[in-house]
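Note sheet for the following structure.
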């Protein structure tokens with residue numbers, strides 16, 4: 003049974019933004035019997051491994067959370083949400099079914115294995131072997147922000163693939179974890195800003211991107227407006243056309 007605990011991470015000693023406080027209230031609404039626990043510098047050792055120490059020193063606190071969430075859940079079990087996740091519907095049936103994760107991107111032609119994102123929400127009993135495998139990877143890594151770094155989404159998806167994750171869109175049971183399609187926990191299209199809620203949707207990940215440079219967040223906002231105006235498909239074709247032109251000149 004999954005313990006009645008909801009964990010979240012907030013490193014950096016800044017106050018929680020108003021949106022995060024609002025989303026935490028939604029957790030309280032749908033999980034009234036659960037204890038909600040914030041993990042920060044006071045109760046989690048940010049120097050526990052070189053990866054987290056270096057990420058914290060670089061003030062890239064979201065990357066500290068990438069390791070911390072799995073360490074916390076491996077030890078204590080419970081639920082985990084990023085602070086930009088809003089619960090909009092009861093999840094009792096999902097919690098009763100056992101440990102869970104969710105697809106950020108369902109398996110498709112461009113991404114045959116899809117993408118499983120821990121930040122959407124996690125539920126687990128303590129000591130799950132899959133989490134130990136995810137943690138062991140980080141103990142062998144140093145923090146390197148940039149094109150060479152492997153995101154927690156890619157790493158988690160790769161581990162699940164080794165454990166039997168299949169290339170089809172639907173509920174899958176892998177290594178003691180039930181993986182749900184994106185409609186359950188990720189109905190918000192970050193690229194277009196559109197929301198696709200279905201009868202199965204339980205949470206919304208609002209992509210606050212507190213870890214991204216403000217200039218990049220501004221550029222993402224502009225891209226989202228363009229997608230809304232002319233469509234993401236048209237935008238993609240324009241980008242590919244321009245890339246071909248530039249490559250020819252080079």
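Residue numbers (my numbering): 3 to 252.
Glycine residues also receive a C-beta, built at the ideal position from the N, C-alpha and C atoms.
Predicted, not measured: the structure shown is a model, and the values here were computed from it.
message: Considering only their Cβ atoms, is the gap separating residue 92 from residue 32 smaller than 7 Å?
response: yes
- request: Specify whether the stretch 108 to 124 and the stretch 166 to 185 touch according to this definition: at least 3 beta carbon pairs, one from each stretch, less than 8 Å apart.
  value: yes
message: By alpha-carbon positions, which one of 65, 13, 22, 14 ends up nearest to residue 143?
response: 65
Where the alpha helix (DSSP H) containing residue 96 begins and where it ends: 94 to 99
field: Ranges of the beta strand (DSSP E) found wholly within the stretch 19 to 89, counting only runs of at least 3
entry: 37 to 41, 80 to 82, 87 to 89
field: Same chain, Cβ closer than 6 Å to residue 28, five either side skipped, listed in chain order
entry: 88, 89
Residues near residue 251 in its chain [Cβ-Cβ closer than 8 Å; skip 5 each side]: Residue placement at residue 251 is poorly supported in this model, since its pLDDT is 46, which falls under 50; the coordinates still yield a value, given next. Result list for residue 251: empty, nothing under 8 Å.
message: Here's a check: name, in chain order, each residue in its chain whose Cβ is nearer than 8 Å to the Cβ of residue 136, leaving out the five neighbours to either side.
response: 72, 157, 158, 161
message: In whole angstroms, give me the CA-to-CA distance for residue 129 and residue 95.
response: 22 Å
message: Output needed for residue 226: all residues of its chain with C-beta closer than 8 Å, excluding positions within five of it in sequence on either side, in chain order.
response: Model confidence at residue 226 stands at a pLDDT of 41, short of 50, so the residue's coordinates are unreliable; what they give is reported in the following sentence. If we look at residue 226 and ignore the five residues flanking it on each side, its Cβ neighbours are 192, 193, 194, 195.
field: Close Cβ partners of residue 139 (< 8 Å) along its chain, the five nearest in sequence each way excluded
entry: 157, 161
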